[in-house]
Amino acid sequence: MNRIADVLVVGSGMAGFVAALTAASRGKKVRMLTTGMGSLAISGGTIDLLGYADGKYTADPWAGMALLPANHPYRLMGEENVREALHFFQQHMADQRWPMRGATNANGQPCNVHMPTIMGTLKPTYLLPERVNVTALNTARRVLVVSVEGLRDCRPALVVSQLRRYGSWAHREFFELTLPSPLGQAHRSASALDLARLMDKAQSRQWLTDGLAARAGSCDLVLLPPLCGSKAQPETWQAIEKAAGCPVVEMLSIPPGVGGLRLRDALLRALRCYDFEMVENARALRAEMRGNTCAALIAEASGQERKHEARTFVLATGGILGGGLTLQPGKVRESVMGLDVAAPADVEQWSSPELFGRHFFASMGVCVDSAMRPVDSQASTYWPNVFFAGRSLGGYDSAAEKSGHGVAVATGWQAGRMAAAAAEEGR
Amino acid sequence: MLETTVVVIGCGATGIGALRDLSMRGIPAILLEQGGIAHGTSSRFHGLLHSGARYVVNDNESARECIEENMIVRRIGRQCVEETEGFFALTAQDDPDYVEKFLEGCRTAGISAQEVEVAKALRLEPNLSPQVRRVFRVPDSCVDGFRLVLHNAMSAQRHGGQVLTYHEATGIKLGNGRVQSVTAVNRHTGETVEIACQVVVNAAGSWAGHVAGMAGLDVSLSPDRGTLIVFNHRFTSRVINRLHPSGDGDIFVPHGSITILGTTSAPTDRPDDTTPTTEEVLRLLDIGEPLFPQVRQYRILRAFAGTRPLYTPGGASGRKASRNFHIVDHADEGLEGFISIFGGKLTTYRLMAERVTDRVCAKLGHSAPCKTADEPLVHDVDERTLKRAARFFPMQGLRLMADRLGDDLPGVLELAGKQPDNPLLCECEMVSMAEIEYVARQPSIFSLTDIRLRTRLGMGTCQGAFCSLRTVGALTEHGVDLELKPTDNVRRFLQERWGGLRFALWGMQAREMELSRAIYAATLNLDGAEHEQDC
Amino acid sequence: MSVRITPDNCIACTTCVVHCPVADATPQFLGPRMIGPAYERFRLLGLNEDPSLHYCSNCKNCDITCPHGVPVSSLNMMARADQCRKTPPGLRDWILGHGELMAQWLRRIPAGLKNFGMLNPVTRLVLHKLGIHRRAPLPAFARRSFRSLAKEVRQPETGRSVVFYPGCYVDVYDPQTGLDMIWAMNRAGYKVIVPQDLVCCGLPMVANGFWQHARSNAEHNLHALAQWRDQGLPVVTGCPSCALMFRVDLPEYFPDLGEKYGACRLDDAQDFLLACADSGELDLAPAASRANQPDMKIMYHAPCHLRAQGNGLPSLELLRRLPGVSVTDAHAGCCGISGSYGFKTEKYEIARQIGSALFATIRESGADISSSECGTCRVQIVHGSGTACLHPVSILRSRLEA
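Residue numbers (this note's numbering), protein chains in the order written: chain A, 454 to 880; chain B, 21 to 555; chain C, 201 to 602.
Structure representation (structure tokens):
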């Protein structure tokens with residue numbers, strides 16, 4: 454018996470979790486190192502596959518993929534693999550009682566859904582919890598927008614005023630409802646998470662279900678901030694829809710990420726069925742080589758260093774936000790393997806003066822091959838047993854494309870299975 | 021057609037100071053400002069209320085003016101000033117012989133400069149470099165330029181003065197060799213307004229040359245751009261100057277919750293050249309390092325720039341140009357009723373305003389003494405009001421907020437009383453909903469930026485990432501409209517903040533930007549929502 | 201120069217608030233982000249403290265979950281130190297912060313009498329008024345301290361030694377765990393040195409606002425431990441809170457002490473034993489006399505302060521390797537007690553609420569026993585779940601010893 458993992462995954466965001474789950478479900482011993490609790494704590498609960506390709510909206514994300522540049526992670530791994538990755542993800546979500554499905558249009562073709570946000574804007578997304586009634590979203594005539602007193606992030610008046618500007622929403626009838634807060638006067642301003650946690654327990658749901666029940670029959674769709682529970686537990690949503698008497702859809706929201714926490718809850722439950730270990734508060738510092746193979750990662754362990762040996766390594770370190778890429782004046786580095794990331798020396802060239810324009814930094818990152826192995830400028834792989842996934846990859850702008858979770862799931866799966874296969878070979 | 025006695029052009033410290041003085045002396049006056057309050061340099065500098073010690077060697081008279089006015093501003097503008105004192109520190113790279121000249125100059129100018137033992141200085145300011153050789157304490161202080169102008173405006177308005185912001189002066193009508201009227205365009209409505217007057221005071225700062233040009237006068241102003249860095253936290257509780265001949269980047273100024281390092285100097289031909297450069301940011305860090313060795317590890321929030329309205333009758337520029345102020349009565353050039361005031365420092369704004377107002381009074385044959393040094397800009401808040409305020413505002417932030425608001429506090433309290441709850445909408449800078457809503461309802465407030473300047477919304481760590489959404493939400497709910505629709509307001513605000521972020525896009529602020537993009541682009545799709553008609 | 205604790209790394213992402221057990225339990229706590237780095241920018245300005253700072257339990261979940269390296273709990277504890285400098289803490293906090301010192305003063309009084317005195321209903325009522333909840337699971341004083349018992353243990357001379365820092369909980373209330381630790385180390389071939397001159401790591405003092413006392417203890421300990429480090433001997437502790445204190449907290453709170461005495465490497469004893477198991481030094485086969493012992497089902501609870509150390513969960517792995525034992529990680533968050541926090545009258549219910557998920561998990565699991573390395577966690581788990589709770593090393597001994 455030894456403590457050498459088959460696959461060492463660095464990062465506990467979506468890409469890290471999917472990579473870990475992919476490898477673990479293939480019988481591999483997976484250890485995850487994470488510094489912090491990963492991006493799912495602050496992200497939403499839908500999977501953005503691809504909303505905008507080349508700056509233009511794409512209704513069918515799969516068709517849009519063909520328009521992406523060749524070095525985009527989706528193109529690198531190929532559409533078929535992306536489909537399989539999503540399928541894998543959906544399978545496990547279903548196993549954990551939180552099924553998710555890809556949205557389709559009236560003709561049954563895959564089609565992005567324009568989800569309302571708490572600002573009243575619409576954001577295209579693709580893979581949704583099955584409970585989300587897309588038909589109602591697209592066609593309901595009478596819409597009730599609900600929020601709670603003290604929930605600063607979500608104001609029905611703003612949501613309605615903005616939704617009305619969209620062609621597909623302009624002619625609907627809107628109602629607003631702000632329920633009194635079940636938390637009363639508190640020192641801390643309430644967040645959607647506080648309220649979602651109340652909703653987890655059957656005995657503390659009344660404040661919302663009663664409020665909705667009073668309006669039942671007067672509307673065909675209820676838009677709520679993400680209150681339908683903090684866990685991947687369908688009963689909560691069921692209870693709310695039952696009270697409302699019509700479909701209830703959660704608006705996409707800003708941190709804390711209730712939707713993301715549910716996905717995390719489901720993914721963790723799935724992972725615990727396998728040989729999976731998470732080492733918290735362990736920041737990966739550097740790699741230790743044996744010849745041209747990576748033998749171990751050295752991580753910080755509360756003031757000391759600790760070596761983590763493994764057969765293969767998946768780095769899902771989160772790009773700029775997660776610390777996987779570090780930016781200093783004139784220099785960009787990938788922070789664990791020490792790869793240099795091509796970037797102009799002049800910081801002013803990293804960004805456009807237009808905030809919503811195209812930025813060099815937005816698609817900066819590690820270059821990889823189709824197997825998610827990092828490659829140099831000559832397209833040769835550095836190491837056979839190191840893989841990257843998620844935001845640390847270059848070649849895509851998750852924020853502008855609306856492809857964040859999509860690339861994370863796809864590349865996480867790809868890196869996870871490639872690492873699992875390489876670990877097998879390594880035995 | 022409006023009519024008044026004096027039109028003041030420019031709502032910087034000098035202009036508003038003049039409006040206040042004129043109004044207090046009973047002279048009807050209207051002020052025109054092309055942008056918002058303190059649009060120009062007065063809101064884009066390091067915030068140092070000079071003791072004058074910086075000028076004792078090269079310009080001792082200026083230094084003396086500084087220390088006298090410094091004391092006055094502290095008294096009349098208590099709510100705008102942080103009484104911090106300052107250090108002059110001699111680093112290993114500075115010439116020790118300069119110290120004697122410095123001390124001599126301070127004595128001549130009447131500025132207190134006492135040596136502090138280095139060990140003690142380091143205890144007082146633990147982040148200061150242990151390599152400093154000598155330290156002297158001087159009565160430097162910190163002033164919030166925007167707030168100073170705002171409070172002057174409140175005072176002026178109380179005395180009958182009128183402030184017309186977002187009114188750009190477009191022409192000066194002359195007749196019979198004298199000023200007849202000023203025309204301006206309301207930048208929001210497009211309406212033109214003409215104001216008949218006897219005297220025009222050109223206090224347009226970096227635009228003074230442009231304004232003088234409208235009256236057919238040729239004035240050579242040499243604006244000079246200065247870039248400054250804003251750090252995320254207050255790592256010094258005092259102003260720290262390098263003890264050497266004045267140069268770039270040699271002042272660290274605490275400013276509420278942040279620290280400012282400045283300033284560079286580069287001649288420019290545009291008065292509105294307020295774009296910093298990364299090269300200047302890096303240079304400031306190099307220069308600042310001997311004073312604060314950890315400076316590169318401190319998080320930079322943003323960079324910003326302002327233009328110094330330098331004017332030298334001889335035409336010199338940059339550091340050689342005079343920091344002194346000049347009052348020019350253009351009657352000497354054949355135009356009666358047009359007085360310009362050029363240059364100067366914010367610290368001496370009141371004196372500059374007094375001098376120019378004296379000139380105006382002489383012209384009008386009006387004799388009234390100047391009282392601007394005697395009366396506080398805004399009334400101090402009484403204990404009872406503060407107690408009432410404690411019901412609606414977090415205790416600790418109470419004083420900060422009361423000082424910010426000045427005359428507006430009672431109105432904010434009334435508004436707060438109408439809601440069941442008064443949450444913080446901007447958590448980074450502790451700004452509550454009532455304050456934001458009250459300010460938003462003012463007629464001269466059109467954008468989130470205008471609110472930001474009055475309240476500090478979006479000026480902290482997250483640079484607007486969370487608070488802009490909360491603000492437009494609350495305002496929409498309470499029926500307060502700004503100029504643009506909410507999504508455009510937020511876009512414009514974030515774009516404005518972005519203007520300072522991109523030049524220091526590394527370290528933790530780069531992560532903050534990614535979080536901001538994750539919120540505004542990836543989640544709320546503010547970048548994709550143009551095709552609203554198609555969705 | 202030493203590390204300066206600044207709020208610079210915070211980007212307001214709210215991850216820490218999501219995982220703060222106290223914020224989850226009560227909306228009266230402003231939350232780690234606001235109390236820590238956000239408010240720190242205003243403390244630097246000299247503003248008065250937020251009234252909800254006292255809710256912070258110093259459980260370190262914020263440190264564990266922050267993706268950006270913000271020293272949240274240190275910011276909070278330093279703010280508490282400042283607050284207590286201005287308004288000195290009361291008797292209740294003194295009692296809870298100075299357990300070892302009190303035990304020292306009361307050592308001449310027989311345990312039975314002491315415990316009767318502390319734990320009888322009348323005293324409990326008085327303590328409740330003072331601020332220690334009458335139902336709080338106050339541990340009983342052991343008859344003799346671990347340090348005095350350790351002197352009498354006959355250990356084999358193997359030529360290899362390890363220094364053991366018991367922590368004041370084991371020393372005063374739970375010496376058996378310390379003795380079990382000696383047994384396990386001996387089995388792994390190490391003689392255990394128990395220095396008599398080490399004192400409380402200072403964590404309860406920090407948590408209750410006695411900053412200077414914590415500093416003196418720290419200085420004393422660092423000075424005393426330096427000699428072992430200089431001799432090249434490993435120093436281990438069975439208490440994750442003490443380990444964390446030495447590895448992370450002390451260097452952040454008192455960087456000058458680190459510079460003066462050098463870094464102090466305090467290893468997790470369970471990690472040490474696991475390494476011994478890996479290398480074969482520690483035999484995990486039960487004695488022959490235990491051949492027919494029934495299988496054991498254990499629910500393991502990872503103390504928050506252990507999760508903060510970035511070493512994973514060595515006890516979980518160690519227990520898993522025992523024959524006939526099935527171990528599950530409860531994975532149910534904080535137990536709520538967080539050292540002295542959950543004993544306080546006004547915090548008791550919050551602590552119960554925080555631990556409720558853990559207690560339910562343990563009860564519903566059908567486990568024979570639960571296990572955790574942290575002394576106060578054990579006390580809270582017994583109190584909340586009604587299930588016995590032992591240190592992993594005690595379970596090891598119970599399964600392996602003849």
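Even glycine gets a Cβ: it sits at the ideal position worked out from N, Cα and C. The structure presented is a predicted model; accordingly, all values stated were derived computationally and were not measured.
Here B/Glu137 is exposed. Its C-beta has fewer than 16 other C-beta atoms within 10 Å. Within chain C, the residues whose beta carbon sits less than 7 Å from that of B/His253 are Thr206, Pro207, Asp208, Arg241, Leu244, listed in sequence order. Assignment of A/Leu648 by DSSP, reduced to helix, strand and coil, places it in the helix class. In chain order, Glu447 make up the part of chain B whose C-beta sits under 7 Å from the C-beta of C/Met234. The C-beta of B/Ile456 comes no closer than 8 Å to any C-beta of chain A. Flagged as an interface residue toward chain B: A/Leu780, by a C-beta distance shorter than 8 Å. Going by DSSP, B/Pro329 is part of no alpha helix (DSSP H) but of the beta strand (DSSP E) stretching over 320–330. Exclusion of the five residues before and after A/Gly698 leaves Ala669, Gly670 as the residues of its chain whose Cβ lies within less than 7 Å of its Cβ. Residue-level contact by beta carbon fails for B/Gln177 and chain A, as no gap is shorter than 8 Å.
The three-state reading of DSSP puts B/Asp378 in helix, counting H, G and I together. In the DSSP assignment, A/Met467 is bridged to no other residue. As the crow flies, the alpha-carbon of C/Thr215 is around 31 Å from that of B/Arg424. Residues Thr487 of the same chain have their beta carbon placed closer than 7 Å to that of A/Glu733, with the five preceding and five following residues left out of the count. For secondary structure counted as the alpha helix (DSSP H) over 4 or more consecutive residues, the stretch 238–282 of chain B holds no complete run.
Annotation: A/Thr689 has no Cβ neighbours in chain C at a cutoff of 9 Å; minimum Cβ distance is about 16 Å. Unbroken beta strand (DSSP E) stretches of 3 residues or longer found wholly inside the stretch 563–596 of chain C: 569–571, given in chain order. If the five residues before and after A/Gly879 are omitted, its C-beta is found closer than 6 Å to the C-beta atoms of Arg764, all from its own chain and listed in chain order. The C-beta of C/Asn276 comes no closer than 8 Å to any C-beta of chain B. Every alpha helix (DSSP H) stretch that sits fully inside the stretch 839–876 of chain A and reaches 4 residues is listed by chain position as 851–854. Gly480, Thr481, Cys482, Ala485, Phe486: these are the residues of the stretch 468–497 of chain B whose beta carbon lies less than 8 Å from some beta carbon of chain C, given in chain order.
Bridge pairing for B/His179: absent [DSSP]. Per DSSP, A/Gln781 is one residue of the beta strand (DSSP E) stretching across 778–781. Ranked by Cα distance from A/Val821, the first of A/Arg844, A/Asp799, A/Gly810, A/Arg739 is A/Arg844. Residue environment: C/Leu313 is assigned as exposed (fewer than 16 neighbouring CB atoms within 10 Å of its CB, all protein chains considered). At a cut-off of 8 Å between C-beta atoms, B/Glu534 counts as an interface residue with respect to chain A. For C/Pro494 and C/Pro356, the gap between their C-alpha atoms comes out near 30 Å. With respect to B/Phe513, B/Thr543 sits apart: the two C-beta atoms are not nearer than 8 Å. When secondary structure is reduced to three states using DSSP, C/Tyr373 falls in the coil class, being assigned neither helix nor strand.
For the pair B/Pro146 and C/Tyr239, the Cα-to-Cα distance works out to about 20 Å.
Here DSSP, grouped into helix, strand and coil, assigns B/Leu397 to coil. Its chain contains Ile57 as the residues whose beta carbon lies nearer than 6 Å to that of B/Leu170, once the 5 sequence neighbours on both sides are disregarded; these appear in chain order. Taking 8 Å as the Cβ-Cβ cut-off, the stretch 54–81 of chain B has no residue approaching chain A.
Inter-residue distance for A/Phe541 and A/Met568 is about 24 Å (C-alpha atoms, whole angstroms).
Its Cα nearest to that of B/Val239, the residue B/Ile361 stands out among B/Ile361, B/Ser464, B/Leu429.
Bridge partners of C/Ile393 according to DSSP: C/Val363. Here C/Asn417 is buried, its C-beta having at least 16 other C-beta atoms within 10 Å.
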